[in-house]
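According to my numbering, the sequence shown is numbered sequentially starting from 745.
Working notes, structure below.
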Amino acid sequence: MVNVLIVHGRSRPLFGPVEMREQWLVALHSAFSGAEAPVPFTDDDVKLPWYGETLTQLVGGVSRSEAERMSLSGDIPHDERAFVLAVVEQVALAYGFTPEQLAAVAASGDLDASPSSWAYVRTVLAAVDRYVPGMDGATVAFVARECFGYLTDARLRQMIDDGVAGVLAPGVPTVVLGHSLGAVIAYHVLRSHPDSATWRVPLLLTLGAPLAWRPVIQALARLETLRMPGCVETWVNARDPLDAVAIGGDLTGSFLPVGPGLPVVVEENGIVNPDDGRHAIEYYLADPLVATRIAAVLGQD
């Protein structure tokens, strides 16, 4: 028996737990079909703890469209602004936007904005819209704000963590799939929950994870010492190199410490999602590389 635990991040508008679970299942089946491998679990084995309403509170408890407007305008508290700004600066460096490219997309009042200003944030997010197929600036700011909320609001973090931990049964092999903010949540729960010593996770598969964002690393480091969760046997980090949320390099070295005898994260950087959704979970999960990784780990059981 093996369970599959879905730890979700941002979802599409109007998606609830039933629709999201069905979306993930369809994509997973597509991946195994593409890999020409049998699916090593049943649909009933797939669990999805739902905390979509709590995610809404993390970005101010407003509608998605209003939350995105706030994310782009900077109409948010000072410490949250600093977090988003640091993320955006890292994204700009990773994509290598030139001054000419930034000038071409800057609003008239934002020309020659300094990197420490919100005008610079707006300009970089506009550059993401213009120059990165399948990526939009609002997603970068929105996911950054979700990460900030989860990592700094202890009450809401505990609510989410308890829901995820409640699905993990002691001693039962569980493949954990975490997408976007869900990768941050999955890591934190597996690393620090009081029951984690009783869990068995043959595979932690993170997809489009913002774990290489420096502000996320710094915030997690304030919560716990960063290291491989003891219950995890293999960690695979899958990312499309053009996915701004997953940008920043390999997790071993940037997120986990490097040294003799220390475990490493297996990087799967060969994901190429379609141009209409570099960060979309349905594309990540449907990639045969994902199915191959799951099948390889479960085949050892």
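We treat Cβ as the ideally placed atom computed from N, Cα and C, and that holds for glycine.
If we count the other Cβ atoms within 10 Å of its Cβ and call it buried at 16 or more, is residue i buried or exposed?
i	result
Pro917	buried
Gly992	buried
Met745	exposed
Arg971	exposed
Glu890	buried
Val751	buried
Val762	exposed
Gln902	exposed
Arg754	buried
Gly974	exposed
Glu797	exposed
Val920	buried
Val908	buried
Sort out for me which residues DSSP pairs residue i with in a bridge.
i	result
Ile750	Leu921
Val976	Val945
Thr996	Leu1000
Which residue marks the beginning of the alpha helix (DSSP H) containing residue i, and which one marks its end?
i	result
Trp979	No alpha helix (DSSP H) contains Trp979, which is instead part of the beta strand (DSSP E) from 979-982.
Ala830	822-839
Asp789	Premise fails: Asp789 is in no alpha helix (DSSP H) and is neither H nor E.
Ser860	Counting along the chain, Ser860 falls outside any alpha helix (DSSP H), and DSSP gives it neither H nor E.
Ala882	881-896
Met764	761-778
Ala1035	1032-1042
Pro843	843-849
Thr969	It is not in any alpha helix (DSSP H) - Thr969 carries neither H nor E in the DSSP assignment.
Gly796	796-802
In the DSSP assignment, the beta strand (DSSP E) including residue i goes from what residue to what residue?
i	result
Val1010	1010-1012
Thr950	944-951
Could you check the C-alpha separation between residue i and residue j for me, to the nearest Å?
i	j	result
Trp943	Ala982	23 Å
Leu772	Thr969	33 Å
Tyr864	Asp905	34 Å
Val933	Ala851	42 Å
Arg935	Leu749	16 Å
Glu977	Asp994	18 Å
Asp1045	Asp984	Below a pLDDT of 50, predicted positions are generally treated as unreliable, and Asp1045, at 45, falls in that range; no measurement from the model is reported.
Asp789	Trp862	45 Å
Leu1054	Tyr1028	Any question about residue 1054 goes unanswered here, given that the chain covers just 745 to 1045.
Ala871	Ala941	45 Å
Val783	Asn1017	22 Å
Asp1019	Gly878	4 Å
Ala913	Gly922	17 Å
Trp794	Glu844	44 Å
Ala882	Asp787	33 Å
Tyr875	Gln834	16 Å
Leu990	Arg765	Per the sequence shown, residue 990 should be read as Ala rather than Leu. Taking the straight line from one Cα to the other gives about 22 Å.
Gly910	Ser774	28 Å
Leu792	Asp854	43 Å
Val832	Ala988	9 Å
Val828	Ala888	6 Å
Leu802	Val960	15 Å
Ile1015	Leu951	10 Å
Arg1037	Ala1030	12 Å
Gln962	Gly1003	20 Å
Ala1035	Ser860	42 Å
Leu869	Trp957	16 Å
Trp979	Ala857	40 Å
Ala847	Glu1012	34 Å
Gly760	Ala826	31 Å
Pro938	Leu1000	21 Å
Ala927	Val849	32 Å
Measuring only between beta-carbons, confirm whether residue i sits less than 8 Å from chain C.
i	result
Gly1003	Although the question refers to chain C, the structure presented lacks it and comprises just one protein chain.
Do the segment 1001-1021 and the segment 894-905 make contact, defined as three or more Cβ pairs closer than 8 Å?
Taking 8 Å as the limit for Cβ pairs, the verdict is that the segment 894-905 does not touch the segment 1001-1021.
Would you call the segment 819-829 in contact with the segment 762-781, where contact means no fewer than 3 C-beta pairs closer than 8 Å?
As far as the Cβ criterion goes, the segment 819-829 does not touch the segment 762-781, which means the pair count is below three.
The segment 940-955 touching the segment 834-841, judged by at least three CB pairs closer than 8 Å:
Touching, no, given that fewer than three Cβ pairs across the two stretches are closer than 8 Å.
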